[in-house]
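Trainee: Chains as they are written, first to last, in my numbering: chain A, 1 to 248; chain B, 1 to 243.
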Amino acid sequence: MIEARHISLTFGENKVLDDVSFQFDVGKTNLVIGQSGSGKTVLVKCLVGLHEPDEGEVIYDDRNFSLMGIKERRALRQEIGMLFQGGALFDSMTVEQNVMFPLNMFTKMSPAEKLDRVNFCLERVNLGGRNKLMPSELSGGMIKRVAIARAISLNPKYLFCDEPNSGLDPITAGVIDELIKEITEEFNTTTVINTHDMNSVLMIGENIAFIYKGKINWSGNRHEILHTDNPVLNDFIFATELTRRLKR
Amino acid sequence: MISLLGKYILMMAQVLTRPAKGKAFWIQLMNEFQKLGVESMGIVAIISAFMGAVLAMQVAFNIDNPLISPILIGFTVRQSVILEFAPTVISLILAGKVGSRIASEIGTMRVTEQIDALQIMGVNSANYLVLPKLVAALLFNPVLIVVSMFLGILGGLLACVLLGLTTFTTYVDGLQAWYDPWSIQYALIKTVIFAFIIVTVSAFNGYIIKGGALEVGNASTKAVVQSSILIILFNLLLTEILL
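(1) Between which residues of its own chain and ILE80 (chain A) is the CB-CB distance below 6 Å, once the five residues before and five after are set aside?
(2) Relative to the C-alpha of ILE232 (chain B), which candidate in B:PHE204, B:THR200, B:ILE193, B:LEU214 has its C-alpha closest?
(3) So, with DSSP's three-state summary, where would you put TRP218 (chain A)?
(4) Reducing DSSP to helix, strand and coil, say where ILE241 (chain B) ends up.
(5) Is the region 99 to 109 of chain A close to the region 131 to 148 of chain B, with three or more CB pairs under 8 Å?
(6) Can you name, in chain order, every residue of its own chain whose Cβ lies under 6 Å from the Cβ of PRO135 (chain A), other than the five neighbours on each side?
(7) Determine, using beta carbons only, whether ILE2 (chain A) and CYS46 (chain A) come nearer to each other than 9 Å.
(8) Using a cut-off of 8 Å between C-beta atoms, extract the partners of GLN185 (chain B) located in chain A.
(9) Rounding to the nearest angstrom, what Cα-Cα distance links LYS213 (chain A) and GLU13 (chain A) in this structure?
(10) Buried or exposed, going by whether 16 or more other CB atoms sit within 10 Å of the CB of ARG244 (chain A)?
(11) Identify, in the order they occur along the chain, each residue of the same chain with its Cβ nearer than 7 Å to the Cβ of LEU118 (chain B), setting aside the five sequence neighbours on each side.
(12) Please identify, using Cβ separations under 8 Å, the residues of the region 51 to 73 of chain B that lie next to chain A, in order along the chain.
(13) CA-CA distance, GLY99 (chain B) and VAL199 (chain B)?
(14) For a contact defined as C-beta to C-beta under 8 Å, what are the partners of VAL48 (chain A) on chain B?
(15) For chain B, find out if any of its Cβ atoms is closer than 9 Å to the Cβ of ASP62 (chain A); answer yes or no.
(16) Short of 9 Å Cβ to Cβ, which residues in the region 88 to 99 of chain A face chain B?
(17) I believe ALA219 (chain B) touches ASN205 (chain B) by the beta-carbon criterion, under 8 Å. Please report the beta-carbon distance rounded to the nearest angstrom.
(18) In chain B, what lies closer than 8 Å to ALA75 (chain A) by C-beta?
(19) Along chain B, which residues have their Cβ under 9 Å away from the Cβ of ASN14 (chain A)?
(20) Would you be able to state if there are at least three C-beta pairs under 8 Å between the region 176 to 183 of chain A and the region 199 to 217 of chain A?
(21) Could you tell me which of B:THR170, B:SER202, B:ILE47, B:LEU16 sits nearest to VAL81 (chain B), measuring between CA atoms?
(22) Output the distance between the C-alpha atoms of GLU39 (chain B) and ARG101 (chain B), rounded to the nearest integer angstrom.
(23) Going by DSSP, what residues sit across from CYS161 (chain A) in a beta bridge?
(24) Could you name the residues of the region 95 to 114 of chain B whose beta carbon sits closer than 7 Å to any beta carbon of chain A, in the order they occur along the chain?
(25) Which one or two residues does DSSP pair with PHE24 (chain A) in a beta bridge?
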């Protein structure tokens, strides 16, 4: 479980996060949703320590991340997997080397054990046998899947996904969403997904925080979100003509 | 300016720590020897040989007087190449070639979130990315400079012999005249300090950028300009201290 407690962060004169508190549950897909510029990416970056909040704390299973030093944070980060928006694969390395990288850095596994683990992770994301491809040879969806394989290679307790299906077609986006949900259940991870894709919300939203102007405006799950009377959230969910028609 | 200096010191504090995984460091180091060192050998060789040849021709042209001994050609080429041309000019060229490469490589990794990915994994990104480059440059740049000295002097010799500026024996006599081994040590000390400047200033410019492709280009330009200015300033300072 991850807990954000009273997180506030200001960039210049712009208060991006304003007293945000939320609990991200273990074994669930926790979604942070909101419009572009609402502060959801900043919140996720605060959770993993890429941004330092001005106020507030981040707690990982009773461990106060905000009070940790550099070395303690590095140790905790070995329990974190993260899928970046663009994949963030190391472009000088093959698929296999990318997925093996965390194993090389943090385990004492033999080369054969590492290769087994890499193959397992690649099979898990339906990319078995693509070990020797370079990132430049992969499609957008494959890049995301390799990034997921890399993120899960160390069996993380916490999985963060920054807009995992941005730039993907609806079918591939659905595959990625489904994969993240399956991995969350299979490995019992605390998964935090930052998205503004309503398909993701309706498919995998088990615990949702809606951020509006830097504050948590609404929270609930995918069943509750369709019946909310929150006007701001309704504007966000039913922003397109298609969804408005479906609602009617 | 003070804020940038603070950031540079903080980055260097991360860089100058023991690598978390020796084998990963070793692999990176070998890659950097290849990318920063071996791949620079060609340009260093060409520039050094031609620089030595032109230097010999200019000296011969300027001492065209029967009262001045022609051994001065070899002597002047040796002194100029060892004291200044090899360590300083080649370091300035490496600041352009290697510095821009380092800044753009690290900058691209920053804007494509690869550095964030390293940090999230718990890897000391500054140490992982910069230390192998720094060690490779500190160890290999002196090799490049020694090669440059040799080829510069050889270029001078070839120019003298092929263009009839002086004889082989006279040129070699000049090379051996009033030789002080300290000049080589002075050149190598300068080279090591210039290598440190090139790698750390370039890496810093790449490491701190925010934005996209445009900023990567800007960081690359800044890296070359800042490294070059610092090399020239430190050249003056070190010459005052060491000679």
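Backbone N, C-alpha and C fix where the C-beta goes; we use that ideal spot for every residue, glycine too.
It should be emphasised that the depicted structure is a prediction, and the values quoted were computed from it without experimental measurement.
Mentor: Here's the rundown:
(1) For the purposes of this step, residue 80 (chain A) is identified with residue 80 of the first sequence, where counting begins at 1. Closer than 6 Å at Cβ, skipping near neighbours: PRO156, TYR158.
(2) In the second sequence, counting from the first residue as 1, residue 232 (chain B) sits at position 232. ILE232 (chain B) has its Cα closest to that of B:ILE193, out of B:PHE204, B:THR200, B:ILE193, B:LEU214.
(3) Along the first sequence, one-based indexing puts residue 218 (chain A) at 218. Correct three-state label for TRP218 (chain A): strand.
(4) Taking the second sequence and counting its residues from 1, the one referred to as residue 241 (chain B) is at position 241. Looking at ILE241 (chain B) - three-state DSSP - the assignment turns out to be helix.
(5) no
(6) Reading the first sequence from its first residue, position 135 is the one you call residue 135 (chain A). Result list for PRO135 (chain A): LEU89, ASP91, in chain order.
(7) Working through the first sequence from its first residue, we reach residue 2 (chain A) at position 2. Working through the first sequence from its first residue, we reach residue 46 (chain A) at position 46. Not in contact: ILE2 (chain A) and CYS46 (chain A) (Cβ atoms no closer than 9 Å).
(8) Counting from one through the second sequence, the residue named residue 185 (chain B) turns up at place 185. Going along chain A, no residue has its Cβ under 8 Å from GLN185 (chain B), so there is no contact; the nearest lies around 37 Å.
(9) As a position in the first sequence, residue 213 (chain A) is number 213, starting the count at 1. As a position in the first sequence, residue 13 (chain A) is number 13, starting the count at 1. Going by the C-alpha atoms only, they are around 14 Å apart.
(10) The residue labelled residue 244 (chain A) in the question sits at position 244 within the first sequence. The residue is exposed, with fewer than 16 neighbouring Cβ atoms inside 10 Å.
(11) Locating residue 118 (chain B) in the second sequence gives position 118, where the first residue counts as 1. Contacts found: SER125, TYR128.
(12) none
(13) One-based indexing of the second sequence puts residue 99 (chain B) at position 99. One-based indexing of the second sequence puts residue 199 (chain B) at position 199. Their backbone Cα atoms lie some 6 Å apart in a straight line.
(14) Here residue 48 (chain A) refers to the residue found at position 48 when the first sequence is read from its first residue. Ordered by position in chain B, the residues that pass the 8 Å Cβ test against VAL48 (chain A) are ILE120.
(15) Stepping through the first sequence from its first residue, residue 62 (chain A) is reached at position 62. Answer no: the Cβ-Cβ gap between ASP62 (chain A) and chain B never drops below 9 Å.
(16) ALA88, LEU89, PHE90, ASP91, SER92
(17) The residue given as residue 219 (chain B) occupies position 219 in the second sequence. The residue given as residue 205 (chain B) occupies position 205 in the second sequence. Indeed, because the Cβ distance is near 4 Å, the residues count as touching under 8 Å.
(18) Counted from its first residue, the first sequence places residue 75 (chain A) at position 75. Residues of chain B passing the Cβ test: GLY122.
(19) As a working note, residue 14 (chain A) is residue 14 in the first sequence. The contacting residues do not exist; ASN14 (chain A) stays about 16 Å from chain B at best.
(20) yes
(21) As a working mapping, residue 81 (chain B) is identified with position 81 in the second sequence. When only C-alpha atoms are compared, the closest one is B:ILE47.
(22) Locating residue 39 (chain B) in the second sequence gives position 39, where the first residue counts as 1. Locating residue 101 (chain B) in the second sequence gives position 101, where the first residue counts as 1. Cα-Cα distance, rounded: 12 Å.
(23) As a first step, residue 161 (chain A) must be located in the first sequence, where it is residue number 161. A:LEU83, A:ILE193, per the DSSP bridge assignment.
(24) THR112, GLU113, GLN114
(25) On the first sequence, residue 24 (chain A) is found 24 positions in, with the first residue counted as 1. Bridge partners of PHE24 (chain A): A:ILE2.
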